[in-house]
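Below is one structure, written out as structure tokens, with a few remarks after it.
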Amino acid sequence: MKMNPLGRTGMMVSEICLGTMTWGQQNTEAQAHEQMDYALTQGVNFFDAAEMYPTPTRAETQGRTEEIIGSWFRASRKRDNVILATKMGGDGIDWIRGGQGFTRASVMEAVDGSLKRLGVDHIDLYQLHWPNRGSYHFRKHWGFNASTQDKHGAVADMRETLQGLGDAAKAGKIRAVGLSNESAWGTMTFLRLAAEHGLPRMASIQNEYNLICRMFDTDLAEVAHHEDVGLLAFSPLAAGILTGKYQGDVTPEGSRRSLTPNLGGRWGPQAEAATAAYLDVAARHGLDPAQMAIAFCLTRPFMTSAIIGATTMDQLRTAIGAKDVTLPDAVLDDIATARRAHPLPI
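Under this note's numbering, the letters of the sequence shown match residues 2 to 347, in that order.
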């Protein structure tokens with residue numbers, strides 16, 4: 002397993018990260034433990050969670066994923082083998098701190114809640130799940146309007162959030178910090194404020210990235226290159242779309258689509274057509290389409306780690322197996338051709 006630097010933190014993380022958001026909803030505690038055991042044997046040292054997980058998020062299950070990770074740490078005694086990441090939610094979920102987003106005080110409250118559920122004394126990478134000011138991710142880019150944001154209030158809010166993260170870092174509760182569902186402007190502003198005020202520097206950005214969602218390729222790729230803020234790519238299979246299992250508009254029993262019919266706004270005729278093109282590329286070259294999709298992510302120069310998720314062990318073995326797949330130039334050329342034919346399908 003290839004290891005990559007996590008920003009400028011000095012930590013090294015596996016190029017494949019184990020995602021956990023199905024644990025406690027689609028996966029039982031025992032199944033989650035089996036996944037963690039297997040991932041470690043394959044060289045995965047990086048697990049990613051969030052205080053809001055599992056998904057679909059509900060008040061009744063919120064925090065259960067972190068509790069399951071905590072029970073595995075207690076049973077396995079392998080906390081020191083894992084770079085542990087989790088995330089704090091921003092504005093909008095009523096049953097998490099009353100819907101309150103990031104403030105200096107709420108950061109510490111959220112950190113303490115995660116530490117308790119995880120049963121650990123520190124978190125290696127603590128991330129802001131989405132910005133208080135809103136974002137264009139999860140298909141919001143179609144109607145995104147940055148002019149509605151408060152210019153001065155947004156920056157003040159970010160500075161206060163960094164102060165809260167600084168408090169947690171000084172207390173030894175977090176080692177490093179990162180972003181999620183952020184923009185190039187947001188990332189650069191956090192970096193500037195950290196430098197100006199001696200506050201924690203963002204090490205990474207966790208945004209969606211896959212064959213049919215490639216917004217990171219331009220401005221954010223440039224930020225990642227110059228500022229050492231690499232991508233942690235979530236949904237490298239576009240919520241399972243790129244495996245081909247939804248082609249023909251089918252919904253397999255127990256799949257993500259059975260719980261979220263439009264797959265977070267991803268599913269539609271354009272996504273199905275684009276997926277058909279990538280499935281054709283995989284078939285022509287004798288590749289498993291899921292492994293091709295993940296392996297493509299691993300070729301990107303800004304990629305720190307691709308976050309995979311699975312509800313079965315067969316899915317997990319396939320996803321982690323992408324680490325051993327090398328895509329020749331002919332495959333990459335065909336992927337580029339398919340992209341030009343289907344440039345923005347979701």
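Where a beta carbon is used, it is the ideal one built from N, C-alpha and C, also for glycine. From a predicted model like this one, the values you see are computed outputs, not experimental measurements.
Secondary structure of residue i, DSSP reduced to three states
i: C82; result: Checking the sequence shown, residue 82 turns out to be Asn, not Cys. DSSP places N82 in helix when its eight states are reduced to three.
i: E209; result: strand
i: R193; result: helix
i: P262; result: coil
i: I175; result: strand
i: D49; result: strand
i: G144; result: helix
i: L268; result: The sequence as given places Trp at residue 268; Leu does not occur at that position. DSSP places W268 in coil when its eight states are reduced to three.
i: M89; result: strand
i: L1; result: Lying before the first or after the last residue shown, residue 1 is absent from the chain, which here runs from 2 to 347.
i: A239; result: coil
i: A204; result: strand
i: G135; result: coil
i: G255; result: coil
i: L163; result: helix
i: G245; result: coil
i: L19; result: strand
Residue burial classification, residue i (beta-carbon count within 10 angstroms, cutoff 16)
i: F191; result: buried
i: W268; result: buried
i: N211; result: buried
i: Q36; result: buried
i: M22; result: buried
i: M314; result: exposed
i: S148; result: exposed
i: A294; result: buried
i: H138; result: buried
i: G24; result: The sequence given here has Trp at residue 24, not Gly. Answer is buried; the Cβ neighbour count reaches 16.
i: L333; result: exposed
Other residues of its chain near residue i: CB distance less than 6 Å, five sequence neighbours each side excluded
i: L19; result: A40, V45 and F48
i: P346; result: I213, Q271, A272 and A275
i: L126; result: A86, A177 and G179
Rounded Cβ spacing between residue i and residue j (contact assumed at less than 8 Å)
i: I175; j: H130; result: The pair is not a contact, with the Cβ atoms about 14 Å apart (cut-off 8 Å).
i: A239; j: C214; result: 6 Å
i: V282; j: D335; result: 4 Å
i: L1; j: A177; result: There is no way to answer for residue 1, as the model of the chain reaches only from 2 to 347.
i: Q292; j: T319; result: 6 Å
i: I242; j: L264; result: 7 Å
i: E30; j: S72; result: 6 Å
i: A111; j: L163; result: That pair is no contact at about 14 Å.
i: S205; j: G231; result: 6 Å
i: A311; j: L317; result: 4 Å
Extent of the continuous beta strand (DSSP E) run through residue i
i: G231; result: G231 to F235
i: T305; result: M304 to I309
i: G99; result: Where G99 is concerned, there is no enclosing beta strand (DSSP E), given that its DSSP letter is neither H nor E.
i: S15; result: M13 to S15
i: A125; result: Note that residue 125 corresponds to Asp in the displayed sequence, not to Ala. Taken as a continuous stretch (DSSP letters only), the beta strand (DSSP E) holding D125 covers I124 to L129.
Residues of its chain near residue i, where Cβ-Cβ distance is below 7 Å and the 5 sequence neighbours each way are ignored
i: S15; result: M2, M4, G44, V45, N46, F47 and S306
i: E68; result: R118
i: R80; result: F74 and V121
i: E161; result: T104 and R105
i: M28; result: Per the sequence shown, residue 28 should be read as Asn rather than Met. Within the same chain, N28 has close Cβ partners T312.
Opening and closing residue of the alpha helix (DSSP H) in which residue i lies
i: M37; result: E30 to T42
i: M2; result: Per DSSP, M2 belongs to no alpha helix (DSSP H) and is neither H nor E.
i: M109; result: R105 to L119
i: Q292; result: P290 to T300
i: L317; result: M314 to G322
i: W73; result: R65 to S77
i: R340; result: D330 to A342
i: L221; result: D220 to E228
Cβ-based neighbour list, residue i, same chain, cut-off 8 Å, excluding 5 preceding and 5 following
i: P344; result: none
i: W96; result: A60 and Q63
i: C298; result: Y210, N211, A234, P237, M304 and A307
i: D168; result: R105, V108 and M109
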